[in-house]
Structure formats: C-alpha cells, structure tokens
DNA sequence: CAGTATCCCTCCAGATACTG
DNA sequence: CAGTATCTGGAGGGATACTG
C-alpha cells in the first residue's frame, strides 16, 4: 500500500495518491499510517524514546534521507509524531511520538502476537 | 507496502520484491499479509463467510480480475485462506478463511479501535 | 465462471549530489 | 546536521481481450 496525504501538497512528487481518495476512518486509516514501507521501523525506534534525524537514519539500515523525510512527514501529518527544531548551529531536530502515536503500541503488539502464533 | 512472495515466481510480473527480502517473522510478516492494497478488503469480505470469485469481484468496487487473482494468491500462499474448486460446469471456486486467517480478526479489530479513538 | 495473457503507463523508491 | 533537488528503473496496477 502506498501512503496518502491531504490535498495541499507540501511534498513535491511524493505521497500523492493517484486520485484524491476519501479515507474512511477505520482499518484503511490505520494501514495508511503504518502500512508504508518504512513507517513501522521508524515507529519502532521512537517507541524507545525521542530520536534525532541522524539517529534514525543510522539505526534504520540504509534508508535514504529522502525516504526518511517522506516517512517522518507522513507520520507527522497524521499526528503520530511531533517534530521539534532547536535553533542551534548546526540545527538540532528531534522526533517524538504523540499520545496518538504511543497508542499504536497495542496495535503493533497484536501484529507481533499473530505472527508469533502462526509463522 | 507492497507484497512480497517466495522465490519461485508463480505470478509473472507481480508481487516480486526488488531484491529477495528475508522477512523476519513479526510485524513485517503481518504487514506483508494485510498491507497490500486490496488484501484487507478481501479479508473483510471473507470474515462474512465463504465467497466466490465473482462475489468478491462485485463487492470490492471495481477491482480488476488480475488484481483480485494476485491478492487471493498471495493470501493463499500465506495460508490465511483456502481455495476450493468444484468440477462443475462452469467451474465453481470458493474462498474460505483458514484458522490462521480467522485469527487476523483480533488484529484488524485493534486497528479499528485505534482509528475510532484517534481519527 | 473464473480466471490468463498482454499491453501499457504511471509513479514511487532509491541513488546521488547538493545546501542553509 | 538535517534535510532538499533531481533523475531514473522498473514494479505494480488498470484496461482489454481471450479461454478451459
């Protein structure tokens, strides 16, 4: 599945659905949030606490900066994480899960349980 | 996300990962099963009981036969559904969830709960 | 009925290079 | 450091026609 986003396109060339799709708020929405190729890997890292861009890039084997940015942006737009920039030199940026993001934990846990049982 | 499959390629041109990927048996595996564009829509139908190819095609808005076949095959390979063909004329084919497939229900339910709470 | 077989084309992932 | 800008191949999905 691919990721979708709102009409106003902040990200040239990425995450634009073929046709604007009305996402009914249910499984489809949940899958939109975690279904991306990298989403749950980023989330997994953030469950361990606040992380910086570089940290994420290093801990997620060879994700390109573009893919990481796209994924982070998509998660941010869906309100599961928060981006905070500190005006240091050079810039410092931190990513933290929101309560909505933390709450994904139960969902992910069910997935692990299912896989553990059947695979 | 896209779907992945085993090395022996039964489906020309579809569901072939760019590089063969070792799927660790966890969230990744669960996402591989339900993460496809059509997978959970097919599953949703089958939770309501056994269905035939044509029924699925009609109830899932305008899915092409090719995509439906691909999705069903992928779900079958992952052991979440079973295909049964009856030698009638014309052919009758039924798709039914396996226990492994039925058990996806808890997972899907968690997704709905999350979405209901936060969206 | 339940699929294959093709063609075709979109469009996104990943690589690379660059920058405030 | 934390990203953009740009280019590209090829998967993956639709449309259509056909068949056991």
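Residue numbers (this note's numbering), protein chains in the order written: chain A, 143 to 261; chain B, 143 to 261.
Glycine included, C-beta positions come from ideal geometry on N, C-alpha and C.
A quick note: this is a predicted structure, and the numbers were derived from the prediction, not measured.
Of the listed residues the options, nearest to residue i (C-alpha basis)
i                      : options                    : result
residue 236 of chain B : B:188, B:257, B:182        : B:188
residue 221 of chain A : A:207, A:246, A:208        : A:246
residue 238 of chain B : B:196, B:232, B:257, B:218 : B:218
residue 240 of chain B : B:171, B:185, B:173        : B:185
residue 175 of chain A : A:228, A:258, A:229, A:223 : A:223
residue 257 of chain B : A:243, A:257, A:259, A:260 : A:243
residue 133 of chain B : B:259, B:207, B:193        : The structure shown has nothing for residue 133 of chain B, since chain B only spans 143 to 261.
residue 225 of chain B : B:195, B:261, B:207        : B:195
residue 216 of chain A : A:248, A:172, A:191        : A:172
residue 260 of chain B : A:259, A:249, A:228        : A:249
DSSP state of residue i mapped onto helix, strand, coil
i                      : result
residue 235 of chain B : strand
residue 179 of chain B : coil
residue 204 of chain B : coil
residue 245 of chain A : coil
N- and C-terminal bounds of the alpha helix (DSSP H) containing residue i
i                      : result
residue 213 of chain B : 207-219
residue 190 of chain B : Counting along the chain, residue 190 of chain B falls outside any alpha helix (DSSP H), and DSSP gives it neither H nor E.
Residue i, enclosing beta strand (DSSP E) - first and last residue
i                      : result
residue 226 of chain A : 223-228
Say whether the stretch 173-187 of chain A touches the stretch 202-214 of chain A, bearing in mind that this needs 3 or more beta-carbon pairs closer than 8 Å, one atom from each stretch. Contact holds: three or more Cβ-Cβ distances are below 8 Å.
If you measure beta-carbon to beta-carbon, which residues of the stretch 164-197 of chain B are closer than 7 Å to chain A? For the stretch 164-197 of chain B, which is checked against every Cβ of chain A, the residues closer than 7 Å are 167, 168, 169, 171, 172, 173, 177, 178, 179, 182.
The stretch 209-216 of chain B / the stretch 247-254 of chain B touching (three or more Cβ pairs under 8 Å): Taking 8 Å as the limit for Cβ pairs, the verdict is that the stretch 247-254 of chain B does not touch the stretch 209-216 of chain B.
Please identify, using Cβ separations under 7 Å, the residues of the stretch 240-255 of chain B that lie next to chain A, in order along the chain. Within the stretch 240-255 of chain B, contact with chain A at the beta-carbon level (separation under 7 Å) is assigned to 242, 245, 246, 248, 249, 250, 252, 253, 254.
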